[in-house]
Amino acid sequence: MNVAYVARKLASLVVTIFLVLTFNFYLFRVLPGNPFALLFRGAGLSANAVRGLSAQFGLDQPLWIQYVIYLRNTLTGNLGLSFQTRAPVTDLIIPALINTAILLSVASVISIVIGILIGMLAAWKRGSKFDVGASATTLVLYSMPTFWLGLVLMVVGVIYFGLPVAGMRSFTGVTPGTLGEVVDLGQHMVLPLLTLVLGLVGQYVLVMKGALLDVFTQDFMITARAKGISSQKLLWDHGFKNAVLPMVALVALNLGLSIGGAVQTETVFSWPGMGLLIYRAILARDYPILQGAFLVVTLAVIIANFAADILYPFLDPRVGES
Amino acid sequence: MRKIQTLAVLFLLTISASALIAFPVRAQTAPVIFTVGWGAAPMDTLNPTAVTLYDGGAYVIMHLIYDTLVRADVNGDPIPDLAQSWSYSNSTTVTLNLVHNATWHDGQPFTADDVVYTVNTYLAHSEFPIMRLYVQNVQSIAAMDNYTVQISLKTPDATFISELLPAMYIIPKHIWQNVSNFTSYTNSNPVGTGPFKFTSWGGVNTYVQLDANKNYFLGAPHIDQLVVRYFTSYNSMALALQSGEIDYAGPLFPPALAQSLSSTNNVQVITRPDQRYYYFCFNGYFNGTGNPALRDPKVRLALSHAVNNTALNEVVWNGTYATPQNTVIPLTFAKWVNPNIQAYDFNLTEAAQILDNAGYKPGSDGIRVSPKGVRLSFKIEVPSDYSEEYRAAQMISGWWKQIGVEAKAQITDTGTLGNEVSAWQHDTFIWVWSVGEIVGPDYFLSMFKSTEAQPNPNGGLSDSGFMNATYDQLFSQQQQATDPAQRQQIIWQMQQIVHDNAVYIPLYDPFAAQGYRSDKFTGIPGGTLPPLNQYASNNLFLSVTPVSAMNQTTMATSQSNSTTVATQGVSSDTLAAIAAVIIVVIAAAAVLLKRRKSGPEKVQ
Chain P
1 MNVAYVARKL ASLVVTIFLV LTFNFYLFRV LPGNPFALLF RGAGLSANAV
51 RGLSAQFGLD QPLWIQYVIY LRNTLTGNLG LSFQTRAPVT DLIIPALINT
101 AILLSVASVI SIVIGILIGM LAAWKRGSKF DVGASATTLV LYSMPTFWLG
151 LVLMVVGVIY FGLPVAGMRS FTGVTPGTLG EVVDLGQHMV LPLLTLVLGL
201 VGQYVLVMKG ALLDVFTQDF MITARAKGIS SQKLLWDHGF KNAVLPMVAL
251 VALNLGLSIG GAVQTETVFS WPGMGLLIYR AILARDYPIL QGAFLVVTLA
301 VIIANFAADI LYPFLDPRVG ES
Chain W
1 MRKIQTLAVL FLLTISASAL IAFPVRAQTA PVIFTVGWGA APMDTLNPTA
51 VTLYDGGAYV IMHLIYDTLV RADVNGDPIP DLAQSWSYSN STTVTLNLVH
101 NATWHDGQPF TADDVVYTVN TYLAHSEFPI MRLYVQNVQS IAAMDNYTVQ
151 ISLKTPDATF ISELLPAMYI IPKHIWQNVS NFTSYTNSNP VGTGPFKFTS
201 WGGVNTYVQL DANKNYFLGA PHIDQLVVRY FTSYNSMALA LQSGEIDYAG
251 PLFPPALAQS LSSTNNVQVI TRPDQRYYYF CFNGYFNGTG NPALRDPKVR
301 LALSHAVNNT ALNEVVWNGT YATPQNTVIP LTFAKWVNPN IQAYDFNLTE
351 AAQILDNAGY KPGSDGIRVS PKGVRLSFKI EVPSDYSEEY RAAQMISGWW
401 KQIGVEAKAQ ITDTGTLGNE VSAWQHDTFI WVWSVGEIVG PDYFLSMFKS
451 TEAQPNPNGG LSDSGFMNAT YDQLFSQQQQ ATDPAQRQQI IWQMQQIVHD
501 NAVYIPLYDP FAAQGYRSDK FTGIPGGTLP PLNQYASNNL FLSVTPVSAM
551 NQTTMATSQS NSTTVATQGV SSDTLAAIAA VIIVVIAAAA VLLKRRKSGP
601 EKVQ
C-alpha cells in the first residue's frame, strides 16, 4: 500500500481530532444557562451553594484558562467530573460503553447481514414482488419513529410473550454466575434488539441494492455474463465485490455512531448504555458527561472512517494509487 | 439438492439451539423482594457528603441507609429518630438524648461519638454541597456521655430541630475517620443505621439493591429485600407495573398515564401532595430590561385578577392531579400556609377598572398604554422543561386580551430562560419552586428577600425583583422565633405582604401520582407523607407488607391473591424463536461464505 496515502489520511485524522476537541469545548460554553443556576429550582440550592459548586468546577475562571485546562486534562485521559455525581466522567462512560456495545454490536451484525442479503436479492430480482415488498417494508420500518416502534414491540412482547419490560437483568429467580444469567440478559435484549434491527436494516438494504444495481449496468458485467459465468459467481465475485465499497463506508460510519448508543431505544427500554447516559445528562445539563460522551462518539466515528480509508485500497486497489 | 441440504442443516441447528437455550432458569425464591420502579433522577452517588440534591436521586436511597437525629411527621413537626428526646436549656443550647439500641450495619454500636464526629466533619468541610448547610448555625458540639450530646448554636434558630436535623445524615466515625479525601471517596459499601442495608448498585441509570436491616432499632421492615430500578420512560414503567415486573412505581406519573393505570386490575394508584407549586411571575425589578409597566403593583394586581387558576388547573392538570393554590408555600406545609389568603378574584371587569383608574388607557390599537407611554405588551415565557404549561400561558394571554393587554405565550429553553431571569430581561413566566435544601417554609419565603434580588453573580433566588424592608425584617424574625405559634403568625403575615403586592400569581400544587400492586403488597400509606419522605422513605418502605403474609396472620379481607401474574420467566417458545433467528442468521452467513469459497476457482 502507498505510504503517502496512509500518511495523508493520518495527518487529516490528527487535525480533525484537534478541531473536534476545540469545537467540543466551545459548544458547551456557548450553550445558554449556568448549569448550576438550574439547581436553584431543581434542587433548591441557595445562591451560596451554587457559587461554591461553580468555583469547584472552575466555571468562575476565564474561558481561555478553562480551555487550556480542558485540553491538558483531555489529553491525559481526564474527562472531568460529572456535575451531578461528581464522579469522574470516564468512570461513568466506560460501563455505559460496555452496555451499549453488548446491544449495538449484536444489532449491527444482525442488521448488516440481513440488510446485505435482502439488498442483494432485491437487486438480483429487480422489479419482482420480493424487491418491491422488501424495499417498501424496510423503508417503512426505517422511517418509523424509534420510540413508537419500541413501545409497540414492548406492549406486544410483554403481554403476549412475557418478555421483561426494561433494564438488563431480573432480580428474582436467576442465580448469578450461571448460564441462567446469560439467558436472562438475552431475554432483556430481545425487544431493544428487535427495535434496533428493524430500524437499522432499511438503510443497509437500500444501499446494498443501489450499489449492486449500479454495478450490474457496468460493461464488465455484460462481458462476464457473455462469457457464460454462472449467476452465482456473477453476483458474488463480480457484483458484490464491486458494490461493497459504499457498504463499507456506511458500516464504518454506523459503527462509529453506534458508540453513542441508541438514545431512543435505550430510553424506552431503560438500557443503561451511552444513549441513556447522554439523555439523562441532557436533562440535568451535566455538561462534563455530554462533553465526554460527544468526544468519545466523534473519536469513534473519525477512527472508524480512518479504518475504512485504510481498508479501501485492499478492497479496491485503484483507491490509494493516485 | 444443495438447497435442501442447507435447509436441513439450518433446521437441525435451530432445534438444537432452542433446546439448549430454552432449558429452565426459574428457581423458587423464599425472600420477599419489593421492587420499586423509579422514574425520577437515578441514584448518583453513594457518598452522603457528596449528595448534591440534584433532583434528589441519591437522597431517596441515602434516607433508607442513613438515619437522622430527628424526623418530621406529616405536619412537619419533629419526632424522634436517633435522638429520642431533646430540650433547650437556653435559646442557643440544645441537649439531645440518643437512643441506646441503634447499631451500625456492620454491628458496631451507635454512640454520641458518631454524632459529634458527624457534626464536626460537616463543620470542617465547606466544600460539602449540602451537608455543611445543616450545621451552618452550629457553634460547637460536645458529648456529655455515651448517649447525650449538647449543641451550641450561634443564634437562636427555629429551623434547627424541625427542618435541618431531619435532613442531616449521621455517619459512622469508625469508618469515616480513616477517609482522607472526602470528595473523591466513593463509599462503595455505605454503612448506616437505617432500616435498609446497602447490597449493590449497578451503576448510574441501573438499579440499587438493599437488604432489610433486621436489627433496625425502630423495628425491622416486613420485606426482605428492596430493589429500586430506574426507568427513563413512564410508559414502560406503567407496563412493568401492569405485568408485575415491579411492585411499586413512582414518583410522578403524568396525569393521563395515572388515569389509565388506575383502571388496571390489581394496581392501586395513590396520589399525595407534592412539595412544589407552579406560579406565574412578574418581573418587577427596578432596574431590569423587562417591560417597566410591571413595576407598578396596580398593573400586577389588575393582571392577577385576570387569571383563573382553577380553570388552568382543569385544563392542564385535569382538575384531579393538582390543587389550585393561593399562596407561595406548597400545601404540604399546611401549618405554614396562611388560610386567610384567597386567590385573586377572577373578574375581568374589576381588572379593567383597576387599569382605568391607574390611568392605563387603551391606545389606537386597543392595547392599553401607561401614563408614561409604555404599551402593556408582555411575553409569557414557559421553560422548555415544563412545556405542558404552554396551554396555561395561552389561556392567560386570552384573558388579558379581553382587558386590553397584549401577551405572547412562548416556550423558552430552560437554560436560556434562567439566563434571562438572572439578567432581569424577562416580562413574565410560569415556573415551579420545589422543596429546597432546607425542608420547610423558609426556602419558599427566601426568594422574596431584598438580598436575593440583585443581578448575578451577587444575586440569588429572586425572579420577581420584589424588595420590601418590612418583609426582610419579618424573615429574620421568623428564623429566630423559637415559639412555633409566633413563627406561624409571622410567616402568615409575610405571605400577606407578597399577596397584597401581587408579586406572584400562585397557580397550583400538583400531586405525586404513584402506583403499586395491591394484589401482592399492602401497607403502603396513601395521602400525605412527612416532608422529605414525600417520594419514598424509611417511613414508606418500613410499612410495606406482602399480602400473603397478611393472609397467613389474620386479614380475611384480602384482595384476590390467586391471580398470579404471568411474568419474569420467558416462555420457552419465545426463547426458541429468538435463538432460531440468531442461529439462522449466523448459519446463513456461514453457508453463503462457504459457497463462495467452494465455487469454481478459475475464470480470470
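Listed in order, the protein sequences are those of chains P and W. First residue of the first sequence? That's 1 in the working numbering, and the numbers climb one at a time after it. First residue of the second sequence? That's 1 in the working numbering, and the numbers climb one at a time after it. Glycine included, every Cβ here is placed at the ideal spot set by N, Cα and C.
Residues of chain W with a CB under 9 Å from the CB of residue 86 of chain P: which are they? To locate residue 86 of chain P, count along the first sequence from 1; it is residue 86. Contact of residue 86 of chain P with chain W by beta-carbon distance below 9 Å involves 44, 45, 47, 50, 52, 129, 183 and 184.
With distances taken between CB atoms, is the gap from residue 513 of chain W to residue 321 of chain W smaller than 8 Å? The residue you call residue 513 of chain W lines up with position 513 of the second sequence. The residue you call residue 321 of chain W lines up with position 321 of the second sequence. Contact flag set, yes.
The alpha helix (DSSP H) that contains residue 138 of chain P, what's its start and end? To locate residue 138 of chain P, count along the first sequence from 1; it is residue 138. Element bounds for residue 138 of chain P: 129 to 143.
Taking Cβ-Cβ distances below 7 Å as the criterion, which residues of the segment 224 to 250 of chain W are in contact with chain P? 227, 229, 230, 231, 232, 233, 235, 236, 239, 240, 243 and 245
Comparing C-alpha positions only, which one of W/474, W/148 and W/182 sits nearest to residue 442 of chain W? As a first step, residue 442 of chain W must be located in the second sequence, where it is residue number 442. It is W/474.
Flag residue 308 of chain W as yes if its beta-carbon sits less than 8 Å from any beta-carbon of chain P, otherwise no. What you label residue 308 of chain W is simply residue 308 of the second sequence in a count that begins at 1. Residue 308 of chain W does not count as touching chain P.
By Cβ distance below 7 Å, which residues in the same chain neighbour residue 109 of chain W in space, the five residues on each side in sequence not counted? In the second sequence, residue 109 of chain W corresponds to position 109, counting from 1. Excluding positions up to five away in sequence, the list reads 103.
May I ask you to report which of helix, strand or coil DSSP gives residue 125 of chain P? Against the first sequence, residue 125 of chain P aligns to sequence position 125. DSSP places residue 125 of chain P in coil when its eight states are reduced to three.
Is the shortest distance between the beta-carbon of residue 205 of chain W and the beta-carbons of chain P less than 8 Å? Taking the first residue of the second sequence as 1, we reach residue 205 of chain W at position 205. Closer than 8 Å to some Cβ of chain P, the Cβ of residue 205 of chain W qualifies, so yes.
Does the separation of the CB atoms of residue 393 of chain W and residue 403 of chain W fall below 8 Å? By 1-based counting over the second sequence, the position of residue 393 of chain W is 393. By 1-based counting over the second sequence, the position of residue 403 of chain W is 403. No, the pair does not count as a contact, with Cβ atoms beyond the cut-off.
Bridge partners for residue 361 of chain W per DSSP, in chain order? Residue numbering aside, residue 361 of chain W sits at position 361 when the second sequence is read from its first letter. Answer is W/369, bridged to residue 361 of chain W.
Would residue 327 of chain W and residue 506 of chain W be called neighbours here (beta carbons separated by less than 8 Å)? On the second sequence, position 327 is the one that residue 327 of chain W refers to. On the second sequence, position 506 is the one that residue 506 of chain W refers to. Taking C-beta atoms as the reference points, residue 327 of chain W and residue 506 of chain W count as a pair closer than 8 Å.
Roughly how far, in whole angstroms, is the beta-carbon of residue 312 of chain W from the beta-carbon of residue 395 of chain W, given that I think they are within contact range, below 8 Å? Counting from one through the second sequence, the residue named residue 312 of chain W turns up at place 312. Counting from one through the second sequence, the residue named residue 395 of chain W turns up at place 395. About 6 Å; that satisfies the 8 Å criterion.
Within the segment 123 to 195 of chain W, note down every full beta strand (DSSP E) run reaching 3 residues or more, in order along the chain. Correct list: 138 to 145 and 148 to 153.
Pop quiz: residue 427 of chain W and residue 283 of chain W are said to be a contact at Cβ under 8 Å. What is the actual Cβ separation, rounded to whole angstroms? Along the second sequence, read from residue 1 onward, the residue named residue 427 of chain W stands at position 427. Along the second sequence, read from residue 1 onward, the residue named residue 283 of chain W stands at position 283. Yes, residue 427 of chain W and residue 283 of chain W are in contact; Cβ-Cβ is about 6 Å, under 8 Å.
Give the DSSP bridge partners of residue 68 of chain W, in chain order. Indexing the second sequence from 1 puts residue 68 of chain W at position 68. DSSP lists W/169 as partners of residue 68 of chain W.
When every heavy atom of the ligand GDP is checked, does at least one fall within less than 7 Å of the C-beta of residue 318 of chain P? In the structure on display, the ligand GDP does not appear, and there are no ligands present to speak of.
For residue 35 of chain W, decide whether its Cβ has a neighbour in chain P, counting only Cβ atoms nearer than 8 Å. Along the second sequence, read from residue 1 onward, the residue named residue 35 of chain W stands at position 35. Chain P, which has a Cβ nearer than 8 Å to the Cβ of residue 35 of chain W, makes this yes.
Where residue 254 of chain P sits in the DSSP three-state scheme: For the purposes of this step, residue 254 of chain P is identified with residue 254 of the first sequence, where counting begins at 1. The answer is helix: DSSP assigns residue 254 of chain P an H, G or I state.
Taking CB distances under 8 Å as the criterion, tell me whether residue 25 of chain W reaches chain P. Here residue 25 of chain W refers to the residue found at position 25 of the second sequence. Unreliable positioning characterises residue 25 of chain W in this predicted model, as indicated by a pLDDT of 42, which lies under 50. A coordinate reading is not provided.
Taking the alpha helix (DSSP H) that residue 72 of chain P belongs to, which residues open and close that run? In the first sequence, the residue the question calls residue 72 of chain P occupies position 72. Start and end: 63 to 75.
When DSSP builds the beta bridges, which residues end up paired with residue 96 of chain W? Locating residue 96 of chain W in the second sequence gives position 96, counting from the first residue. Partner(s): W/86 and W/149.
Bridge partner(s) assigned by DSSP for residue 211 of chain W: Taking the second sequence and counting its residues from 1, one reaches residue 211 of chain W at position 211. Its beta-bridge partners are W/197 and W/225.
Determine the extent of the alpha helix (DSSP H) in which residue 399 of chain W is found, giving its start and end residues. In the second sequence, the residue the question calls residue 399 of chain W occupies position 399. Its alpha helix (DSSP H) spans residues 390 to 402.
When DSSP builds the beta bridges, which residues end up paired with residue 511 of chain W? Sequence index remark: in the second sequence, residue 511 of chain W carries index 511 (1-based). W/273, per the DSSP bridge assignment.
Answer yes or no: does any C-beta atom of chain W fall closer than 8 Å to that of residue 274 of chain P? Along the first sequence, read from residue 1 onward, the residue named residue 274 of chain P stands at position 274. Chain W contact via Cβ: absent.
Can you check which of these residues, P/91, P/167, P/302 and P/124, is closest to residue 288 of chain P by C-alpha distance? Within the first sequence, residue 288 of chain P is the residue found at index 288, counting from 1. Closest option to residue 288 of chain P, Cα to Cα, is P/91.
Listing by chain order, which chain W residues have their CB less than 7 Å from the CB of residue 154 of chain P? For the purposes of this step, residue 154 of chain P is taken as the residue at position 154 of the first sequence. Chain W residues near residue 154 of chain P: 236 and 239.
Between the alpha carbons of residue 174 of chain W and residue 161 of chain W, how many angstroms are there, rounded? Within the second sequence, the letter at position 174 stands for residue 174 of chain W. Within the second sequence, the letter at position 161 stands for residue 161 of chain W. About 26 Å.
Can you look up residue 323 of chain W in the DSSP assignment and give me helix, strand or coil? Within the second sequence, residue 323 of chain W is the residue found at index 323, counting from 1. Residue state, collapsed to three classes: strand.
Could you please give the first and the last residue of the uninterrupted alpha helix (DSSP H) stretch that includes residue 304 of chain W? Indexing the second sequence from 1 puts residue 304 of chain W at position 304. That run of the alpha helix (DSSP H) goes 297 to 304.
Test: residue 279 of chain P CB closer than 8 Å to a CB of chain W: The sequence position of residue 279 of chain P within the first sequence is 279, counting from 1. For residue 279 of chain P, the answer is yes, since a Cβ of chain W falls inside 8 Å of its Cβ.
Hey, is residue 104 of chain P's beta-carbon within less than 8 Å of any beta-carbon in chain W? The residue labelled residue 104 of chain P in the question sits at position 104 within the first sequence. No, its Cβ sits nowhere closer than 8 Å to a Cβ of chain W.
Using 8 Å for Cβ pairs, my map puts residue 454 of chain W next to residue 289 of chain W. What's the rounded Cβ distance? The sequence position of residue 454 of chain W within the second sequence is 454, counting from 1. The sequence position of residue 289 of chain W within the second sequence is 289, counting from 1. Rounded, the Cβ-Cβ distance is 15 Å, inconsistent with contact.
What in chain W is Cβ-close to residue 293 of chain P, meaning under 8 Å? In the first sequence, counting from the first residue as 1, residue 293 of chain P sits at position 293. Ordered by position in chain W, no residue passes the 8 Å Cβ test against residue 293 of chain P, which lies about 12 Å from the chain.
From what residue to what residue does the alpha helix (DSSP H) around residue 159 of chain P run? For the purposes of this step, residue 159 of chain P is taken as residue 159 along the first sequence, with counting starting at 1. From DSSP, the alpha helix (DSSP H) with residue 159 of chain P extends over 146 to 161.
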